[in-house]
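Visitor:
Number of protein chains: 2
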Amino acid sequence: MASDPLSITFAALADPTRRAILARLAGGDEATVNELAEPFAMSLQAVSKHLKVLETAGLIVRGANAQYRPCRLDPEPLDNAVEWIDRHRTMWRGRFDLLGDHLRRIQQQAADAAPTRTTTNTKTDLEKPT
Amino acid sequence: MASDPLSITFAALADPTRRAILARLAGGDEATVNELAEPFAMSLQAVSKHLKVLETAGLIVRGANAQYRPCRLDPEPLDNAVEWIDRHRTMWRGRFDLLGDHLRRIQQQAADAAPTRTTTNTKTDLEKPT
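In order, the protein sequence lines correspond to chains D and P. Just remember that this note's numbering sits 1241 ahead of the position in the first sequence, which is counted from 1. Just remember that this note's numbering sits 1241 ahead of the position in the second sequence, which is counted from 1.
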């Protein structure tokens, strides 16, 4: 598994339980492991393992209280993740906007270059006996 | 490994080689496995494996040409990934903006409630012999 910060962030997000934990903490309140485990049909140990992944990714910070260690969200790594995705989809869409503009210009030039034929066709159609 | 679409997208992004491949394809051009493998010190087989992960995630589409199967980017899964992240960091930041407003209001109320003492103190300071 890759160990650069961005890969660690994306890997941490690649699990529905971890995203559900982050979604809950996004509400702003701190929560203990027991509180976070409540909605899930899994052992405290399994939830603790997910919290460890989120903590390593810097997506949650845990309090010093040795017994409860309440968790809160730290959204900073999310900024870099969004920045990466946004930069590349903008680059891609920008390229295709340019291609679209170019195609429209070519079509316009073709239409401008052949006005007579279009007019003739229309006239012929209109002059046809019905 | 989780198999829901969002988890598959994030897992596909959790690798620097795969992100470099997407970044290259974000320029808009199609590229063959050989072309994509060029910048990396890895076997064609290793690059093909990464392409398979990206294809399964719907992040690239491969052409029908049996020999070359050129790859191009499909940014659609990125939209859902950004949407998920954005929704939760906005929720978190919104919550803390509210908290900040609340704290400022409390500080303002405290300042408004104790104008006399402040004035008296200032006067006393001013009246002190220097």
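Just so it is clear, CB atoms sit at the ideal spot from N, CA and C, and this is done for glycine as well. Just so it is clear, the structure is predicted and the values come from calculations on it, not from any experiment.
1. Indicate whether at least one CB of chain D lies closer than 8 Å to the CB of P/Ser1248.
2. Can you give the Cα-Cα distance for P/His1343 and P/Gly1269, rounded to whole angstroms?
3. Among the residues of its own chain, which have a CB less than 7 Å from the CB of P/Tyr1309, if the five just before and after it don't count?
4. Output the boundary residues of the beta strand (DSSP E) element that contains D/Leu1314.
5. Where does D/Ala1307 land, buried or exposed, given buried means 16+ other C-beta within 10 angstroms?
6. Would you give the residue range spanned by the alpha helix (DSSP H) that D/Pro1280 belongs to?
7. Tell me the start and end of each unbroken beta strand (DSSP E) in the stretch 1301-1350 of chain P that is at least 3 residues and wholly inside, in chain order.
8. Straight-line CA distance for P/Ser1248 to D/Asp1256?
9. Roughly how many angstroms lie between the CA atoms of D/Ala1264 and D/Asp1245, to the nearest whole one?
10. Taking D/Pro1280 as the query, report the chain P residues whose CB atoms sit under 7 Å from its CB, ordered along the chain.
11. Taking the C-alpha atoms as reference points, what is the distance between P/Leu1295 and D/Glu1279?
12. How far does the alpha helix (DSSP H) with D/Ala1261 in it reach, from first residue to last?
13. Pick out whichever of P/Ala1267, P/Asn1321, P/Arg1346 has its Cα sitting closest to the Cα of D/Met1332.
14. Mind the definition here: the stretch 1285-1295 of chain P touches the stretch 1275-1290 of chain D only if three or more C-beta pairs lie below 8 Å; say whether that holds.
15. What residues in its chain sit with their C-beta under 6 Å from that of D/Ile1262, if we drop five residues either side in the sequence?
16. So P/Asp1338 contacts chain D; which residues on that side make the cut at Cβ distance below 9 Å?
17. Classify P/Ala1298 as helix, strand or coil using the three-state DSSP reduction.
18. For D/Ala1272, name the three-state secondary structure that DSSP assigns.
19. In whole angstroms, what is the alpha-carbon distance linking P/Phe1337 and P/Ala1355?
20. Could you tell me the alpha carbon to alpha carbon distance between P/Asp1326 and P/Asp1315, rounded to whole angstroms?
21. Contact criterion: CB-CB distance below 8 Å. Does D/Val1323 meet it with respect to chain P?
22. Indicate whether at least one CB of chain D lies closer than 8 Å to the CB of P/Leu1314.
23. If you drop the 5 nearest sequence neighbours on each side, which residues of the same chain put their C-beta closer than 8 Å to that of P/Arg1260?
24. Hey, could you find the ends of the alpha helix (DSSP H) P/Ser1248 is sitting in?
25. For a cutoff of 8 Å on Cβ pairs, would you count P/Gly1341 as touching chain D?
26. May I have the straight-line CA-CA distance separating P/Glu1317 from P/Gln1350, to the nearest angstrom?
27. Would DSSP call D/Ala1352 helix, strand or coil?
Guide: From the atom records:
1. Numbered from 1 along the second sequence, position 7 holds the residue referred to as residue 1248 of chain P. Yes - at least one Cβ of chain D is within 8 Å of the one on P/Ser1248.
2. Position 102 of the second sequence holds residue 1343 of chain P. Position 28 of the second sequence holds residue 1269 of chain P. Roughly 48 Å between the two C-alpha positions.
3. On the second sequence, residue 1309 of chain P is found 68 positions in, with the first residue counted as 1. Result list for P/Tyr1309: Thr1273, in chain order.
4. Locating residue 1314 of chain D in the first sequence gives position 73, counting from the first residue. Per DSSP, D/Leu1314 belongs to the beta strand (DSSP E) from 1312-1314.
5. One-based indexing of the first sequence puts residue 1307 of chain D at position 66. Flag for D/Ala1307 reads exposed.
6. Along the first sequence, read from residue 1 onward, the residue named residue 1280 of chain D stands at position 39. Neither: D/Pro1280 is in no alpha helix (DSSP H) and is coded neither H nor E.
7. 1301-1303, 1312-1314
8. Along the second sequence, read from residue 1 onward, the residue named residue 1248 of chain P stands at position 7. Along the first sequence, read from residue 1 onward, the residue named residue 1256 of chain D stands at position 15. If I take the Cα positions, the gap works out to 5 Å.
9. Stepping through the first sequence from its first residue, residue 1264 of chain D is reached at position 23. Stepping through the first sequence from its first residue, residue 1245 of chain D is reached at position 4. Near 24 Å, if we compare the C-alpha coordinates of D/Asp1245 and D/Ala1264.
10. Your numbering for residue 1280 of chain D matches position 39 in the first sequence. Result: empty, since nearest Cβ-Cβ is about 16 Å, beyond 7 Å.
11. As a first step, residue 1295 of chain P must be located in the second sequence, where it is residue number 54. As a first step, residue 1279 of chain D must be located in the first sequence, where it is residue number 38. Their backbone Cα atoms lie some 34 Å apart in a straight line.
12. Translated into positions along the first sequence, residue 1261 of chain D becomes position 20. It spans 1257-1266 - the alpha helix (DSSP H) in which D/Ala1261 sits, taken as one unbroken run.
13. As a first step, residue 1332 of chain D must be located in the first sequence, where it is residue number 91. Ranking the options by Cα distance to D/Met1332, first place goes to P/Ala1267.
14. no
15. Taking the first sequence and counting its residues from 1, one reaches residue 1262 of chain D at position 21. So the list reads Leu1277, once near-sequence residues are dropped.
16. Taking the second sequence and counting its residues from 1, the one referred to as residue 1338 of chain P is at position 97. Result: empty, since nearest Cβ-Cβ is about 10 Å, beyond 9 Å.
17. On the second sequence, position 57 is the one that residue 1298 of chain P refers to. Coil, per DSSP.
18. Numbered from its first residue, the first sequence carries residue 1272 of chain D at position 31. Strand, per DSSP.
19. By 1-based counting over the second sequence, the position of residue 1337 of chain P is 96. By 1-based counting over the second sequence, the position of residue 1355 of chain P is 114. Taking the straight line from one Cα to the other gives about 27 Å.
20. Along the second sequence, read from residue 1 onward, the residue named residue 1326 of chain P stands at position 85. Along the second sequence, read from residue 1 onward, the residue named residue 1315 of chain P stands at position 74. Reading the sequence as shown, one finds Ile at residue 1326 of chain P and not Asp. Going by the C-alpha atoms only, they are around 19 Å apart.
21. As a position in the first sequence, residue 1323 of chain D is number 82, starting the count at 1. Chain P, which has a Cβ nearer than 8 Å to the Cβ of D/Val1323, makes this yes.
22. Within the second sequence, numbered from 1, the residue matching residue 1314 of chain P stands at position 73. Yes - at least one Cβ of chain D is within 8 Å of the one on P/Leu1314.
23. On the second sequence, position 19 is the one that residue 1260 of chain P refers to. Around P/Arg1260: Leu1254.
24. Looking up residue 1248 of chain P in the second sequence gives position 7. 1246-1254 is the extent of the alpha helix (DSSP H) around P/Ser1248.
25. On the second sequence, position 100 is the one that residue 1341 of chain P refers to. So, not an interface residue.
26. Reading the second sequence from its first residue, position 76 is the one you call residue 1317 of chain P. Reading the second sequence from its first residue, position 109 is the one you call residue 1350 of chain P. Their backbone Cα atoms lie some 49 Å apart in a straight line.
27. For the purposes of this step, residue 1352 of chain D is taken as residue 111 along the first sequence, with counting starting at 1. Here D/Ala1352 sits in helix by DSSP.
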